[in-house]
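> My questions will all concern the structure given below.
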Amino acid sequence: MRETFGRSANLSRRSLLKAGSGAAAGALLPSALPTNPAAAATPGTLVVAAPATPQSLDSNFDVSLGTFEAVAALYDNLLEFKKIPDPKVPGAFREDIADHPDKPGGVNVQGKLAESFELDPNGTWIRFQLRKGVKSNWGNELTAEDVKWTWDRKFGLKAIGGFYLSTLGLEKPEGVKVEGPYTVSINLDHPNPLLVKLQPNLYAPIYDSKKCKEVATADDPWARHFIENNSAGFGPYRLDQLQRGQQAVFKARPDYYLGKPAMDTVIFREVPTSATRAALLQGGAVDIAQYLQPLEIVRLRNQQGVKIDSVDASFMIWLELNSKIAPFDNVKVRQAMNFAFPQEQVLKTVFQGLGEPLHGCMPNIYAGYTDKFWTYNYDPERARALLKDAGFPSGFKTSLAYNAGDPVQEPIAILYQTALRAIGVDLQLKKVPAATFYDAVSQRKQPMIFYVDSPWCPDVGYSMTLYFNSQSFIDYSNYKNDEVDRLLRDTARTADQAARLEMMTKAQQIVMSEAPWVFIAFPGYHFAHRAGLEGFTYYTSNNIRFQDFHRAA
Amino acid sequence: MQVLRYIGRRVLFVVPQLFGIILVSFFLVKLIPGDPAVMMLGPTASEQSIADLRDKLGVSKPLVVQFGRYMHDVVRGDLGTSWQTTRPVTEDLFQRFPATLELITLGLLVAIAIGFPLGVAAARRKRGAVRRFADYYGLLAGAVPDFWLALVLIFVFYTLLGWSPPPLGRIDMAVIPPPTITGSLVIDSLLAGDLRALLSALGHLLLPVLTLGVINAGPILKMTQSTMERTLNSEFIRYAETCGLPRRVVLRQAVRAALPSVLTIVSVLYGFLIGGAVLVEIVFSWGGAGQYAVQGVLNADLNPVLGFVVFSAVLSLVIYLIVDLLYFALDPRMRG
Amino acid sequence: MIPVAVSGDRAASPWLRRLRFLAAVLRARPAFALGYAIVIGVILIALLAPWIVPYGPMVADPNVYLLPPGPRHLLGTDGTGMDILSRVLSAPRVDLTIAVLGTLISAGIGSCIGAIVGYYEGERTWRRAVSTAVMRAADVLQAFPVFVFAIALVAVFGQSLHSIIIAIAFVNTPIYLRLMRTQVLAIRRYRYIEAAYVAGASDLSILARHVIPNAIAPALAQLSVNIGWAILLTAGLSFVGAGVVAPTPEWGSMIAMGFQNVVTGQWWPSVFPGIALGLTVFGFALVGASVEVLADPVRRRVLSGTLG
């Protein structure tokens, strides 16, 4: 599953006003916010200030930010990546997503709901032995039928789940076989490199099929209505309350098979304005403030009682150059747009030095990434020459759409506008309300539009396919190159990692030279929390999991 | 009896007006670009499921049919569903309107408390400091944008002085709100006898109410001043003065005579503020009805916008009706 | 008492007399003078902005972002390194254009419709039905929550200067319609109208030559006040993100952009445009007040009384 801070559209479906105006509220919050320990200091209660409450709790349909946290707390997967200490932040952890050629599937995973698994060396099947005695939040025991039903639901609804099916190449429901009460296997027609890697994915959780069938109706055979507003899973928390636009409350399950989490109650409060979230964290009213702006992070770093864990992340921010809209159908123009982008200055001023330059076309924390094809250091002379070659000696006029809900986009756009003026390009800025922004992206009708995203599955082929396969539904720049398409197809059909890496290096070379994006930055992940809250773990899905946290003794 | 007949006539008149309002707003709002089906289903929806949802929502039918369907629902009290909150608009509005009404009612009370005495005082003297202050105040109050004043007040009373609670909503996050009875946090916490909630709610009301009060005192002041001047120059007051009635009594009579026009301006302001307090609501994250409607417009969430227009139109009509009834009470001539 | 020249020079032209009267009024009510000074100042700034601003108002220089007010940037710079003084001074070009155009359009359309409606009201013809319909339509428009209505209009027409002007014209039209109608209703009964009618003048020429010129004063008095409102409305629209396109220098949008910096202690990006905005609207309100006094014969007489 690909994910989206770009779906920060979603993040602020309900909070459109946050960026420009809503900021007003918190904007003037002083450094001396009266400390209000009442909320946060309760030992077993975790208070999170989030941009938005979950829209729907169904991972088959919703990709809003709050949904990520909810799904991670309510459900468990068959497997998870093993965790290692974060090399940059002492006390923080991250998934071990490196290549491990000695291990099955080449990845360092461990059982969660599955106790163990067996993998076909060619990558055409995988067999799981489920853990026994695992209870759902409705008291039903986990069986192979639950896994089967979960996959059937993906076939039945054809929504986000359908994407997983096609990524695996799983063509019919019969591919998932119940081989015993606690044994289940997935069988494919072709070898697939992701059979193991895709299991820990946030949006591949297992449902309690017994409960779901109970609440299903003839109209709603897959219990959509129930799962949208409640949960039936094997995760560490159950939903206590969901008031959309206000708060969601989660309660730890004493009967969770790995033991009850340290944080008994989680209050997930919607605070649309990032400045307000920052102020609440600083004042001690909340334990965690999500998605803060660079300037706020820099300021909070020096505050007592607040800690910022800045870790490398899979997030990327870039501009889609629509290859079907002139003049961006011309490779030289696209290259010129990159040479004219003041990347260094944007990182310094807008990101306050918190990010890294985007010198490639996939997350730099995934195996297979390379920046050796980067050539686009700021060079207006070069840009002008390329435009001249392309037949635009005096520039041209175009427009750039940005998300009103993401505070970094407007300043980047303004800086770029000024820079482009130097090469004769007249850039009009188009502000799109947060909630309709994603709509604008997916229509692919804008010549240029911002996008923030990260491929959740830490795999080179998966990442590249998302954005550069001409068949991919998020190839929002309308990029099409037959050679790249061929390399991506071959990469998806073999489990030979060395061959895959070689093909993907070639694909990165082609993509970088053809510049379907204006490359901006890896903004990183900056986890802002009260000092004394420990256990932060970074996941490639860029969300927090409440079960990781505990308070320092 | 006459009052009842009057109300009856008014209500009869209101129905076509309401219809007109819904008609215009419906077609206006439907012109706003954006496909609700796409936004409700998110990025991964197939064309088929979008088409299905469009059918279910009825947005693929001709506008006139959609309007008929909407009116059909409105008459039954169903204003549709908001895709942003996934809740019925009627429910959302019943939750948000009390917040707005509490805010603007108190705001206008403050405005009257500032504007009325100042206007009376200014009308009594042709020159002097009070008069000059009133003149400037009336003009300046109308010149300052309310969202701007709200920020300055936050800066002064919160940031610098620390007298007011943080401008985040209607009640402290750590305070459990009283059970909802009227929707007004002040009244509800009084009813529940919850002192902590009451103090917190009042604290949060302080700055937004002050903002609205200071700004809206301007028109009230001007209206009071000009009617009072006219009244003080009128023949019946001159006559009263000639008869040697004490100044105090004369003034009281003049004030009484000026009340109806002050009432008018207050009712106009009230009707205006139902939608006009939205910027203040935004600055204080108030969660009011105006904010809800503005978010609806910007996010192509149309039902909340329509619902808000209907609600506020009904409300302002109710307010005008109440004002008319108050005229009856204030003005003996109208009792006929 | 202020010595007034009116009595001394009766032979002077009426224009001169009027100017002198105005000068006397301004001396008597210095607040009015302040208003005219502000309005003229703002207009001059709007006209001359390109030549007096020290930096390009839309040029972002990332090397100097968020500088506090200082010798190089008198009012500091904002989060993208744009010079705030240059932007504050360039803003009236946009704000005044929107406000003046929007107000003039609404005044023009509203007054014409209002005059026609007033002129025909009470006649027992189809025109009466039209008049009533127009008035009811105005009722409906005025029953709308102004701000939400304006945002909806901008959303429909797309985010551009035109849309904002249309929105402002739309919400203000009923005001002029009513003002004009009331005036015309009163004027219609005067003898000279009847005389013109008897003399065989057409309705159109009566309206254009006799009715409108005599009824226009209150509408004119309203103009200045309305321009102030329009500036406020524009700023409000920009504040919620439905106003001008960034980074167009406009006061409301500057305030909104600056809020994000205030949290980190940089107050100047939004404080200065706010002051400029308030001052400008205040100036227009003062001018409006003076027009009101000067256009009202009674109050004018009172004023001349205090002068003489």
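Chains as they are written, first to last, in our numbering: chain A, -17 to 535; chain B, 28 to 363; chain C, 5 to 312.
By construction, the Cβ of each residue, glycine as well, lies at the ideal position given by its N, Cα and C atoms.
(1) Would you kindly work out how many angstroms separate the C-alpha atoms of W19 of chain C and V29 of chain C, rounded to a whole number?
(2) A64 of chain B touches chain A at which residues, Cβ-Cβ below 8 angstroms?
(3) Just the chain B side, please: which residues come within less than 8 angstroms of D311 of chain A by C-beta, in chain order?
(4) Could you tell me whether any Cβ in chain B is nearer than 9 angstroms to the Cβ of K412 of chain A?
(5) Let's test the definition: count the other Cβ atoms within 10 Å of the Cβ of V202 of chain C and tell me whether it reaches 16, buried, or not, exposed.
(6) G61 of chain B CB to nearest chain A CB: under 9 angstroms?
(7) Within the present structure, is the beta-carbon of E302 of chain A separated from the nearest heavy atom of the ligand HEM by less than 8 angstroms?
(8) Bridge partners of E538 of chain A, per DSSP?
(9) For a test of the three-state rule: what should DSSP assign to A304 of chain B, helix, strand or coil?
(10) Rounding to the nearest angstrom, what Cα-Cα distance links T49 of chain A and T35 of chain A in this structure?
(11) Using Cβ-Cβ distances below 7 angstroms, what residues of the segment 210 to 243 of chain C are close to chain B?
(12) To which residues of the same chain is T17 of chain A closer than 6 angstroms at the C-beta, ignoring the five residues directly before and after it?
(13) Mapping DSSP to helix, strand and coil, what is N211 of chain A?
(14) Would Q29 of chain B pass as an interface residue toward chain A - the criterion being a Cβ-Cβ separation below 9 angstroms?
(15) If we cut at 9 angstroms on Cβ distances, does A316 of chain B have a partner in chain A?
(16) Using only the alpha-carbon positions, how far apart do R81 of chain B and G144 of chain A sit?
(17) P194 of chain B by DSSP, collapsed to three states: which one?
(18) Could you name the residues of the segment 250 to 281 of chain B whose beta carbon sits closer than 8 angstroms to any beta carbon of chain A, in the order they occur along the chain?
(19) Can you look up F333 of chain A in the DSSP assignment and give me helix, strand or coil?
(20) Between the C-alpha atoms of L205 of chain A and A386 of chain A, what's the straight-line distance to the nearest angstrom?
(21) Could you pull the start and end residues of the beta strand (DSSP E) that A234 of chain A belongs to?
(22) Using a cut-off of 7 angstroms between C-beta atoms, extract the partners of E392 of chain A located in chain C.
(23) If contacts are defined as beta-carbon pairs under 8 angstroms, then F335 of chain B and L120 of chain B qualify, I think. What distance do you get, rounded to the angstrom?
(24) Counting only the same chain and skipping the five closest in sequence on each side, list residues whose C-beta sits under 8 angstroms from that of N346 of chain A.
(25) So, does the segment 243 to 255 of chain C touch the segment 121 to 134 of chain B, judging by three or more C-beta pairs under 8 angstroms?
(26) Are the C-beta atoms of S87 of chain B and some chain A residue less than 9 angstroms apart?
(27) Name the DSSP bridge partner or partners of E516 of chain A?
(28) Run the CB neighbour count on T84 of chain C, radius 10 Å, all protein chains shown included, and call it buried at 16 or more, exposed below.
(29) May I ask you to list the residues that DSSP assigns as paired with P33 of chain A?
(30) Please go through the same chain and pick out, in chain order, the residues whose beta-carbon is closer than 8 angstroms to the beta-carbon of K306 of chain A, but skip the five residues on each side of it.
(31) Would you mind working out which of A:A480, A:P437, A:D291, A:E156 sits nearest D84 of chain A, comparing C-alpha positions?
(32) Using the beta-carbon count (16 or more within 10 Å), is H172 of chain A buried or exposed?
(33) If distances are taken between C-alpha atoms only, which option among A:P498, A:P254, A:S167, A:K370 comes closest to I405 of chain A?
(34) Can you pull the chain C residues whose beta carbon is under 9 angstroms from the beta carbon of I309 of chain B, in chain order?
(35) Cutting at 7 angstroms between CB atoms, please list the residues of its own chain near V291 of chain C, excluding the five before and the five after it.
(36) Is the shortest distance between the beta-carbon of L262 of chain A and the beta-carbons of chain C less than 9 angstroms?
On the basis of the data shown:
(1) 15 angstroms
(2) Per Cβ cutoff of 8 angstroms: no residues; A64 of chain B is ~10 angstroms from chain A at best.
(3) None at all; the shortest Cβ gap to chain B is about 25 angstroms.
(4) no
(5) exposed
(6) yes
(7) Of ligands this structure carries none, so the ligand HEM is not represented either.
(8) Outside the shown range of chain A, which is -17 to 535, sits residue 538 of chain A, and nothing can be said about it.
(9) coil
(10) 8 angstroms
(11) G232, L236, A239, G240, F243
(12) Note that T17 of chain A scores a pLDDT of 39, beneath 50, so its modelled location is shaky; the value from the coordinates is reported in the next line. Counting only Cβ-Cβ distances below 6 angstroms, and skipping sequence neighbours, we find G265, G266.
(13) helix
(14) no
(15) no
(16) 21 angstroms
(17) coil
(18) none
(19) coil
(20) What sits at residue 205 of chain A in the sequence shown is Ala, not Leu. When rounded, the distance between both Cα atoms is 35 angstroms.
(21) 229 to 234
(22) A250
(23) 7 angstroms
(24) D294, E338, D353, F504
(25) no
(26) no
(27) A:H532
(28) buried
(29) P33 of chain A is not bridged to any residue.
(30) R426, N460
(31) A:A480
(32) exposed
(33) A:K370
(34) F243, V244
(35) G39, Y40, V43, S228
(36) no
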